[in-house]
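Read the structure below first, then the notes.
2 protein chains.
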Amino acid sequence: MPQYERVEKVRLLVVDDDPPIADLVATVARYEGWAAVTANSGEEALRLSAEFHPDIVVLDLMLPDLDGFGVLDRLRAAGTMVPVVFLTARDGVADRVAGLTRGGDDYLVKPFAVEELMARLRTVLRRSSGPGFQRSVLRVADLMMDEDTREVRRGDKLLTLTPTEYEVLRYLMRKSPTVLTKAQILDHVWEYGFGGRSNVVELVVSRLRRKLDDTGTPLIHTVRGFGYVIRQAAE
Amino acid sequence: MPQYERVEKVRLLVVDDDPPIADLVATVARYEGWAAVTANSGEEALRLSAEFHPDIVVLDLMLPDLDGFGVLDRLRAAGTMVPVVFLTARDGVADRVAGLTRGGDDYLVKPFAVEELMARLRTVLRRSSGPGFQRSVLRVADLMMDEDTREVRRGDKLLTLTPTEYEVLRYLMRKSPTVLTKAQILDHVWEYGFGGRSNVVELVVSRLRRKLDDTGTPLIHTVRGFGYVIRQAAE
DNA sequence: AGAACAACGACAGCTTTTCGACAGCTCCCT
DNA sequence: AGGGAGCTGTCGAAAAGCTGTCGTTGTTCT
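Top line first, the protein sequences correspond to chains R and F. Quick note, the first sequence lines up with residues 13 to 247 if you use the working numbering. Quick note, the second sequence lines up with residues 13 to 247 if you use the working numbering.
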């Protein structure tokens, strides 16, 4: 029984009329091992959906031809039950979307952070793939993060993290024991287009350390001149 | 989305309006067994991309005609998903470039060290060639270097190397059991244009030895009047 | 033995990292 | 709408760590 025998790749359809954004999402997804295709208009989306049979769809609400809702309606009319994650502008129709995200759908406001989008996609996928979806729990040494309850504990001690701290920690844990550069962390955890060229990452790491290492040995390590890792301290 | 199987040599397109730099990169790549072509302008880059179908592109941001971003846009518009590694001046547009690593592309600041560029290219290539990207681990005798975790161990013992030491060791290990001259090491590991006419290489090797050979038999051997090798037992 | 080459200790300058203090913002409660 | 609490990012100073130069000592070759 070969270890490498994995289930089929997740199939993702990204619909956004802004090619850079669509590509960004598709690329990140591919690096996660998914199969991704992009569509830049509603019509193209419908066509690709029929051909590609995605497992999940990322759908921008603002499209040149048909709008996001229109696409959704026609998808559903065609009998497709694919879960959809919507993208909307900050102020736009966020309220209406919220109402429409029945079932397993979800939505995210632009500009978003790629890691957050990926996390939502994973969640939606997990929920929609049949019954008895198992919890998603990340572990590194005695540090545990439950992605459903957002509970983080070091040993028995429950930690209270701010949203940013949580995201940075999740990214570090998900990639552990790979060393990540500050640029990678910034690019994945902060929303695209974030200007702050300062030492935010260092700062959040510093705050995280104070909370994490309060109990026990240090888990987040600095790799000088390169970046950060989270892992059990090696011998 | 076709997944290009790479059985052939890696195909690299280098785009830089400074011919010496472009040639430098192309030469090193060819020496690694890759197929490399150079372009000195944006237009030429687009033309060559269409003809040559590179697996990866090194793209200077400052070009006479179209700038780097323009080239990227037109590549993407043409439906090419080739990964790109950007080159930028130290202070220049580094900010605007940041944000590109999130897609999986990467960037490097000029002047750079050739080995570092090659390492990044290999990483990007590895990440972008499908899922299940295997770890890259170098081994020489009981010395092991994991390029993802940046972990280096001699036997069980974990070593802590500084960035320079790490780079020199990687280069030695990657070329092992070939003997490298000090000039080669200097030229590959230090940024081009490095002034140090001194004995830096000897010094770093010396420091490496102290850390490596602390346990076990010497691995880095001096080839008097020529250079250094790393390998099991010499002569 | 003498010359060339190599090893490496010590030091000073410099770069990177850490983190306290603070101010703007947002969100929530009343 | 006002007040307050908590979150985020900026700034700057201090600490920590890295690198290259110099110069002395050791080694090898002729």
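Beta carbons are placed, not taken as given, at the ideal position from N, Cα and C, and that holds for glycine.
If you follow the beta strand (DSSP E) that residue 158 of chain F is in, where does it begin and where does it stop? 155–158
Can you find a C-beta in chain F that's less than 8 angstroms from the C-beta of residue 236 of chain R? yes
Exercise. Starting from the beta carbon of residue 36 of chain R, find every residue of chain F whose beta carbon is closer than 8 angstroms, and list them in chain order.
Key: 114, 115
key: Limits of the beta strand (DSSP E) - the one that residue 119 of chain F falls within   = 118–121
- Is the distance from the Cβ of residue 55 of chain F to the Cβ of residue 77 of chain F below 8 angstroms? yes
With the cut-off set at 8 angstroms, would you say residue 204 of chain F and residue 24 of chain F are in Cβ contact? no
Can you tell me whether residue 200 of chain R is buried or exposed? The criterion is at least 16 other CB atoms within 10 Å of its CB, across all chains shown. buried
Can we say the region 221–231 of chain F touches the region 165–180 of chain F, given the rule of at least three CB pairs closer than 8 angstroms?
yes
Check: Taking the alpha-carbon positions, what's the residue 93 of chain F to residue 60 of chain F distance?
Finding: 15 angstroms
Below-8 angstroms beta-carbon distance, residue 39 of chain F vs any chain R residue:
no
Query - Residue-level contact to chain F via CB, residue 77 of chain R, 8 angstroms cutoff - result: no
Assuming residue 137 of chain F and residue 28 of chain F are in contact, meaning their beta carbons sit under 8 angstroms apart, how far apart are those beta carbons, in whole angstroms?
About 19 angstroms; that fails the 8 angstroms criterion.
inquiry  = Output needed for residue 192 of chain R: all residues of its chain with C-beta closer than 8 angstroms, excluding positions within five of it in sequence on either side, in chain order.
reply    = 183, 184, 239, 240, 241
* Taking Cβ positions, are residue 40 of chain F and residue 126 of chain F nearer each other than 8 angstroms? -> yes
Considering only C-alpha positions, which residue in the set R/195, R/234, R/135 is nearest to residue 189 of chain R? R/234
Count the other CB atoms within 10 Å of the CB of residue 178 of chain F; is the residue buried (16 or more) or exposed (fewer)? buried
Fill in: 6 angstroms CB neighbourhood of residue 11 of chain F in its chain, flanking five on each side removed
With chain F covering 13 to 247 only, the question about residue 11 of chain F has no answer from this structure.
Query raised in the report: Which value, in whole angstroms, describes the spacing of the CA atoms of residue 161 of chain R and residue 80 of chain R?
Result: 30 angstroms
Residues that DSSP places opposite residue 165 of chain F in a beta bridge:
F/156, F/170
Secondary structure of residue 220 of chain F, DSSP reduced to three states: helix
- Rounded Cβ spacing between residue 57 of chain R and residue 22 of chain R (contact assumed at less than 8 angstroms): Not really, about 18 angstroms apart at Cβ, beyond 8 angstroms.
Check your understanding: Roughly how many angstroms lie between the CA atoms of residue 30 of chain R and residue 221 of chain F, to the nearest whole one?
Key -> 53 angstroms
message = At the 8 angstroms Cβ level, is residue 190 of chain R part of the contact set with chain F, yes or no?
response = yes
Taking the alpha-carbon positions, what's the residue 47 of chain R to residue 34 of chain R distance?
14 angstroms
Taking any Cβ of chain R, which residues in the region 172–197 of chain F have a Cβ under 8 angstroms from it, in chain order? 174, 175
Exercise. Under a Cβ-count criterion, where at least 16 other Cβ atoms within 10 Å of its own Cβ denotes burial, should residue 115 of chain F be classed as buried or exposed?
Worked result: buried
**Asked** In whole angstroms, what separates the C-alpha of residue 249 of chain R from that of residue 129 of chain F?
**Response** Nothing can be reported for residue 249 of chain R: it is not among the residues displayed for chain R, which extend from 13 to 247.
Classification of residue 148 of chain F by the beta-carbon crowding that lies within 10 angstroms, buried from 16 upward: exposed
Notebook entry, point to check: Considering residue 23 of chain R, what are the terminal residues of the beta strand (DSSP E) in which it resides?
Noted result: 23–27
Please report the distance separating the alpha-carbon of residue 38 of chain F from that of residue 141 of chain F. 21 angstroms
Q.
DSSP three-state label for residue 249 of chain F, please.
A. As displayed, chain F neither begins before 13 nor continues past 247, which places residue 249 of chain F out of reach and without an answer.
Taking only beta-carbon positions, decide if residue 249 of chain F is within less than 8 angstroms of chain R.
Because chain F here runs from 13 to 247, residue 249 of chain F falls outside it and cannot be looked at.
Run through DSSP, which three-state label would residue 193 of chain R get?
-> strand
Proximity test, Cβ basis, 8 angstroms: residue 31 of chain R and chain F
yes
Item to check | Residue-chain proximity (residue 227 of chain F, chain R), Cβ-Cβ < 8 angstroms | outcome: no
- Message: Let me see if you follow: with CB-CB separation under 8 angstroms, is residue 230 of chain R close to chain F or not?
- Response: no
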